[in-house]
Amino acid sequence: MPPNFTLCKTLGPIQAQATIPLVGVADEQPRCCLAYQQFLDQAPAQTNIIYDFRVQARLHQADDGLALVITFYGLAGVGRYRR
1 MPPNFTLCKT
11 LGPIQAQATI
21 PLVGVADEQP
31 RCCLAYQQFL
41 DQAPAQTNII
51 YDFRVQARLH
61 QADDGLALVI
71 TFYGLAGVGR
81 YRR
């Protein structure tokens, strides 16, 4: 967190995931962006910081070939900046 920020309340964890087939990866960037937007949309309305942000990527063997599974994690919170 920024040094001049005081966390007042943790609102809870948020998470979103995208599965991207490794065939045609160049065409799948929107799927990853959509998952990140879904991640942000899951934060409660009063959220003004997402902290402990992590991204995990792993390979998954699906019936139709390899896929990349990307998961976004974080904690939503509300706080205030000090002057």
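Counting along the sequence shown from 1, when you hit position 63 you're at 63 in full-length UniProt numbering, and nothing is skipped either side. C-beta: ideal position from N, C-alpha, C; glycine also.
- Query: Considering only the beta carbon of each residue, do Val78 and Gln46 sit closer than 7 Å?
  - Reply: Taking the first residue of the sequence shown as position 1, residue 78 is located at position 78. Taking the first residue of the sequence shown as position 1, residue 46 is located at position 46. In this structure, Gln46 lies closer than 7 Å to Val78 by Cβ.
- Message: With the cut-off set at 7 Å, would you say Ala35 and Ala57 are in Cβ contact?
- Response: Looking up residue 35 in the sequence shown gives position 35. Looking up residue 57 in the sequence shown gives position 57. Against a cut-off of 7 Å, the Cβ pair of Ala57 and Ala35 comes out as no contact.
- Query: Which value, in whole angstroms, describes the spacing of the CA atoms of Asp41 and Arg80?
  - Reply: Residue numbering aside, residue 41 sits at position 41 when the sequence shown is read from its first letter. Residue numbering aside, residue 80 sits at position 80 when the sequence shown is read from its first letter. Asp41 and Arg80 have their C-alpha atoms some 21 Å from each other.
- Return the CA-CA distance between Arg31 and Pro21, expressed in angstroms with no decimal places. Along the sequence shown, one-based indexing puts residue 31 at 31. Along the sequence shown, one-based indexing puts residue 21 at 21. The straight-line gap separating the alpha-carbon atoms of Arg31 and Pro21 is approximately 10 Å.
- Task: Would you kindly work out how many angstroms separate the C-alpha atoms of Pro13 and Leu75, rounded to a whole number?
- Result: Translated into the one-based positions of the sequence shown, residue 13 becomes position 13. Translated into the one-based positions of the sequence shown, residue 75 becomes position 75. So the alpha carbons of these two residues sit roughly 4 Å apart.
- Message: Which runs of the beta strand (DSSP E) at least 3 residues long sit entirely within the stretch 41-68? Give them in chain order.
- Response: List check, beta strand (DSSP E) in window: 49-62.
- Query: With a CB to CB cut of under 6 Å and the five nearest residues on each side skipped, what residues in its chain are close to Leu7?
  - Reply: Along the sequence shown, one-based indexing puts residue 7 at 7. Result list for Leu7: Gly77 and Gly79, in chain order.
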